[in-house]
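Asker:
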Amino acid sequence: MSDEFHVDLDHLDQLVARLSGLAGFLRDHLAELERKVADLDAGSWDGIAAAAYTDAHRQWATAASEFVDGVSDMSDAAKRAHGHYTEAMTLNLNMLRGK
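Residue numbers for the sequence shown follow the numbering used here, so the first one is -12 and each next one is one higher.
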């Protein structure tokens, strides 16, 4: 195993920020979409097509919400990884210095 292991903490920070930003962006846009759909549902559209749309939209919205949660979870995991790598680097440096 001659390959060195390297973690770019700055890049990991960027990843955390981008994933967090993406999750926020998606949440905001999904909330806006839900407001527009609520306006549509509150209108005079009814019948089989309206019911089918409402059901399909509900399924889609659930899946979209799960996707956003997954992006947020990835951001949280990357943030935890950053903390663990930082702690490991500190411990390794302390061991090398005899502390």
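We put the beta carbon where it would ideally sit given N, CA and C, even for glycine.
If we ignore side chains and look at the alpha-carbon of each, how far apart do Asp60 and Ala48 end up?
Answerer: Their backbone Cα atoms lie some 18 Å apart in a straight line.
Asker: Can you find the residues in the same chain that come closer than 6 Å, C-beta to C-beta, to Leu13, ignoring five residues on each side of it along the sequence?
Answerer: Correct list, in chain order: Val55.
Asker: Give me the Cβ distance between Ala10 and Ser52, rounded to the nearest whole Å; I'm assuming they're in contact under 8 Å.
Answerer: With a Cβ gap of about 11 Å, Ala10 and Ser52 do not count as contacting.
Asker: With a 10 Å radius around its C-beta and 16 neighbouring C-beta atoms as the bar for buried, classify Leu140 as buried or exposed.
Answerer: Nothing in the structure corresponds to residue 140, since the chain is present only between -12 and 86.
Asker: Could you have a look at Val55 and say whether DSSP puts it in helix, strand or coil?
Answerer: Reduced to three states, the DSSP call for Val55 is helix.
Asker: Count the other CB atoms, across all protein chains shown, that sit within 10 Å of the CB of Lys86; report buried if there are 16 or more and exposed otherwise.
Answerer: Lys86 should be labelled exposed.
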